[in-house]
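Residue numbers 1 to 606, in full-length UniProt numbering, belong to the letters of the sequence shown in order.
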Amino acid sequence: MALLSIILLPLLGFALLGLFGRRMQEPLPGVIASGLVLASFLLGTGLLLSGGARFEAEWLPGIPFSLLLDNLSGFMLLIVTGVGFLIHVYAIGYMHGDPGFSRFFAYFNFFIAMMLTLVLADSYPVMFIGWEGVGLASFLLIGFWYKNAQYADSARKAFIVNRIGDLGFMLGMAILWALFGTLSISELKEAMEGPLRNPSLLALAGLLLFLGAVGKSAQVPLMVWLPDAMAGPTPVSALIHAATMVTAGVYLIARSSFLYSVLPDVSYAIAVIGLLTAAYGALSAFGQTDIKKIVAYSTISQLGYMFLAAGVGAYWVALFHVFTHAFFKALLFLASGSVIHALGGEQDVRKMGGLWKHLPATRWHGLIGALALGGLPLLSGFWSKDAILTATLTYPFGGVGFYVGALLVAVLTAMYAMRWFVLVFLGEERGHHHPHEAPPVMLWPNHLLALGSVLAGYLALPHPLPNLLEPFLKPALAEVEAHHLSLGVEWGLIALSAAVALLGLWAGYVFFQRKAFPAWYLAFEAASREAFYVDRAYNALIVNPLKALAEALFYGDRGLLSGYFGLGGAVRNLGQGLARLQTGYLRVYALLFVLGALVLLGVMRW
């Protein structure tokens, strides 16, 4: 029951704030919501230290409601509740004065509850409850300021695109049920230890589950929803894009590693999609002018890195990057929120610049976040990216092509990370007046996230230094044997990744301080600003034709009923005529009754 309480605590916050939040004064709703998430973190930590836990109850025939806290789900629980708690606290200051303050924190708690359901699930149907729950919560949070039509459209777009992936998830579950007669993850893991049943159908199930991950984690070609999700308040962007919803797809692959480890062709496809997504996100970040959209496209790129690692078989490495990414990406989003707060809502980086001297704390948060994203040696992002680069050469589904591609993306990442920092904090001031630093309630969470962005990578240092994370995670993952490199080669690869990161950071710092750019870059930047016209292509090929078809059917239906045969009008007139007979006078009803009886007798006589 204690395990179930981890989910019920934030769900209680959702119920309390949803029902009674309007009667509470600020900051009480935020304090309640933050406290309940912290309680889940502490309870989860206690259960994990005591050896884990399991909960099971009768639910559907043959499908119990089962939860499991092991090293893998516990690792994700600590990220979701730990980083989620810091974002909750930050939001108390960021959302100050908003008319929907209590409603916001009710949605926030609901999101955390659903994400915890997803990571603690020990069966795919229970995971699917959390999967759909975070989809609903993200819809509510992205469209939080729903009176703005563009924001409401962005929420619908995220919801609809995710449904495509969800269909794949459901079909994948159906195939696994047909093959094994169970959807319990623990039972499927045991069943997979024997001879494979129908490998072709199993591969199809793996691909369909991966389709679900592609939608939730914004991989090519279902990545178009994530940049538009910036419509929500900045804490929403941090919560969705840093440690929770978008990493759910990576977690699904890792939790299903027993399946993908025996499907090399499917794993290769995951790695290819991951590398393509990493490159697409990095190239698209260069042209963005919205301070949050730059960070959003970097999220797409970093998720691609995670899928590349999972695809080559390095599941623990993918989760290592989930861990470090949670700190520096949350830090970048919340630092962006502090900048927006300082400038009275301004988000265009072309109207920023020179903020280094005005925001003494946020400038360091932004710098640490940008350097960790860019892979500066000794910061957290460097260690996890280097682990991914090495994994492409040492794990069975990898190869030199993946390594070279990931190395090139690392250079691009360092360059656009410095572009973000230079445009916002350096150079001359452009268009803002009297910026002010954020209040302490917004700064302290960022202090802790900055500390994590520096130190988190040291949990998984390379050989021969002590690696604490790999032995912690590996017992809960499928065994995929990697061949070990010599110590000299390993440190040589580390030196190469460090050199590449330093080169990219230096090139970005120098290049983006220019006042004029060459024509080739301006052309590239224009295409990048439009994300290489993928949205336009989708609208032209899919959205607009379907809209036209829907409108044609609507007008055809209306014409068929009202115009061609007059059926709609006739039914309306008949209804109006009958309504006039209801006068409310008893003598009229008596007269009609007698006339009706006479007509009936006449018909019977005839």
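Positions of the beta carbon are idealized from the N, C-alpha and C atoms, including for glycine.
Cut-off 8 angstroms between Cβ atoms - residues of its own chain near F532, not counting five sequence neighbours on either side: Y280, L283 and S284.
In whole angstroms, give me the CA-to-CA distance for I87 and L78. Distance between the alpha carbons of I87 and L78 is about 14 angstroms.
Please look up how many angstroms separate the CB atoms of N71 and L473, rounded, as I've assumed it's under 8 angstroms. About 6 angstroms separates the Cβ atoms of N71 and L473, confirming a contact at the 8 angstroms cut-off.
Considering only residues of the same chain and omitting the five flanking positions on each side of E481, which have a CB-CB separation below 8 angstroms? Cβ neighbours of E481 beyond the five flanking positions: P396.
CA-CA distance, A2 and S138? If you take the alpha carbons of A2 and S138, they lie about 27 angstroms apart.
L355, buried or exposed, once every other Cβ within 10 Å from all chains shown has been counted against 16: Classified as buried, L355 has 16 or more neighbouring CB atoms from the shown chains inside 10 Å of its CB.
Candidates H434, V349, A314 and F425: closest to I368 by CA position: Among H434, V349, A314 and F425, the Cα nearest to that of I368 belongs to F425.
Label M604 either buried or exposed according to how many other C-beta atoms from any shown protein chain fall within 10 Å of its C-beta, with 16 as the threshold for buried. Burial check for M604: the Cβ neighbour count within 10 Å stays below 16, so the residue is exposed.
Just to confirm, are G457 and T247 a CB contact at a threshold of 8 angstroms? No, Cβ-Cβ distance for G457 and T247 is not below 8 angstroms.
Beta-carbon proximity of P462 to E479, cut-off 8 angstroms: The Cβ-Cβ distance between P462 and E479 does not fall below 8 angstroms.
Helix, strand or coil for P440? Go by DSSP, reduced to three states. In the three-state reduction of the DSSP assignment, P440 falls in the helix class, which pools H, G and I.
Please report the straight-line C-alpha distance between M352 and P235, rounded to a whole angstrom. Cα-Cα distance, rounded: 21 angstroms.
Give me the residue from S453, L378, V339 and A314 with the minimum Cα distance to L389. Among S453, L378, V339 and A314, the Cα nearest to that of L389 belongs to A314.
Could you spell out the range, first to last residue, of the alpha helix (DSSP H) harbouring W520? Where W520 is concerned, the enclosing alpha helix (DSSP H) stretches over A519 to R529.
Note the first and the last residue of the continuous beta strand (DSSP E) segment covering E56. Segment A53 to L60, the beta strand (DSSP E) holding E56.
Report the rounded CA-to-CA distance for R514 versus R430, giving the unit in angstroms. Taking the straight line joining both Cα atoms gives about 15 angstroms.
I160 and G215 - do their beta-carbons sit closer together than 8 angstroms? Cβ atoms of G215 and I160: not closer than 8 angstroms.
Tell me whether N544 is buried or exposed, calling it buried when 16 or more other Cβ atoms sit within 10 Å of its Cβ. Burial call: exposed.
Taking its Cβ as the centre, do 16 or more other Cβ atoms sit within 10 Å of T244, making it buried, or is it exposed? It counts as buried.
Tell me which residues share the same chain as Q302 and place their Cβ nearer than 6 angstroms to its Cβ, disregarding the 5 neighbours each side in the sequence. Excluding residues within five positions, the ones whose Cβ falls inside 6 angstroms are H325.
Quick one: what's A460 bridged to in DSSP? Note: A460 is bridge-paired with N467 in the DSSP secondary-structure output.
Same chain only: Cβ atoms within 7 angstroms of Q347, ignoring 5 sequence neighbours per side: Hits under 7 angstroms: D290, I291, K292 and I340.
When the distance is taken between beta carbons, is A387 closer than 8 angstroms to V317? Cβ distance < 8 angstroms, so V317 and A387 count as in contact.
Residue nearest to residue 607 in terms of C-alpha spacing, selected from L36, L373, W444 and Y585: Residue 607 is absent from the structure shown; the chain starts at 1 and stops at 606.
Could you name the residues of the same chain whose beta carbon sits closer than 6 angstroms to that of G337, not counting the 5 residues immediately before and after it, in chain order? Excluding residues within five positions, the ones whose Cβ falls inside 6 angstroms are Y94 and T234.
Pick from L42, F20, G452 and S184: whose alpha carbon is nearest that of M127? Closest option to M127, Cα to Cα, is S184.
Buried/exposed call for N198, threshold 16 Cβ in 10 Å: With fewer than 16 Cβ atoms within 10 Å of its Cβ, N198 is classed as exposed.
Residues near S267 in its chain [Cβ-Cβ closer than 6 angstroms; skip 5 each side]: Excluding sequence neighbours, S267 sits near Y260, G311 and F397.
Report all residues from its chain with a CB closer than 8 angstroms to the CB of L485; omit the five preceding and five following residues, and keep chain order. For L485, where only same-chain residues beyond five positions count, the Cβ hits under 8 angstroms are T390, L393, T394 and L493.
Given Y403, which residues of its chain have a CB within under 7 angstroms of its CB, disregarding the five upstream and five downstream residues? Hits under 7 angstroms: L389, T392 and L393.
Under 8 angstroms, with one C-beta from each stretch per pair, do the segment 226-233 and the segment 190-209 reach the 3-pair mark? The segment 226-233, when compared against the segment 190-209, does not touch it at the 8 angstroms Cβ threshold.
For L43, which residues in the same chain have their Cβ closer than 6 angstroms to its Cβ, ignoring the five residues on either side in sequence? Taking C-beta separations shorter than 6 angstroms and ignoring five residues to either side along the sequence, the partners of L43 in its chain run I6, following chain order.
Using 8 angstroms as the threshold, is the C-beta distance between Y509 and M418 below it? Yes, Cβ-Cβ distance for Y509 and M418 is below 8 angstroms.
Going by alpha carbons, who is nearest to L38 out of P10, L496, A15 and F14? When each option's Cα is compared against that of L38, the closest is P10.
With distances taken from CA atoms, which of G133, A229, M76 and M173 is nearest W145? Comparing alpha-carbon positions, the option among G133, A229, M76 and M173 lying closest to W145 turns out to be A229.
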